[in-house]
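Asker: One point on numbering: in my numbering, the residue at position 9 of the sequence shown is 9, and numbering is uninterrupted. First the structure, then my questions, so here it is.
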Amino acid sequence: MRSSGCYTEYHIDYGLDLTGWALTYAQGISADGLTIVGYGTNPAGNIEGWIATLPNAEVVPVPGAFLLGSIGLSVAGWKLRRRKKS
């Protein structure tokens, strides 16, 4: 995966000084998606591995998601029932 700058920007948001670093590749990601490993070029110009551990994000429910899903299932059920009667 070539760097699009997204993980570099993420680390800058957390106050890390990445001046001189080029995080070139992300090689792998953990099963839970919270740890990313890769390699890049350090400020001295040497290739070096890096590990980024992301904080565990909490899932925030969207208030209208349940209502919207319920309406969608109701409409699908109504159409299915109507089709069977025809």
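Note that CB positions come from ideal geometry on N, CA and C, so glycine has one too. Here the structure is a predicted model, which is why all the values come from computation and not from measurement.
1) Who are the near neighbours of Pro-43 in its chain, counting only those whose CB is closer than 6 Å to its CB and skipping five residues on each side?
2) Going by DSSP, name the residue or residues bridged to Trp-50.
3) Can you grab the Cα-Cα spacing for the pair Asp-89 / Asn-46, in whole Å?
4) Using the Cα positions of Leu-54 and Thr-35, report the straight-line distance between them to the nearest angstrom.
Answerer: Reading off the structure:
1) Gly-20
2) Gly-38
3) Lying outside 1 to 86, the shown extent of the chain, residue 89 is not represented and no answer is given.
4) 6 Å
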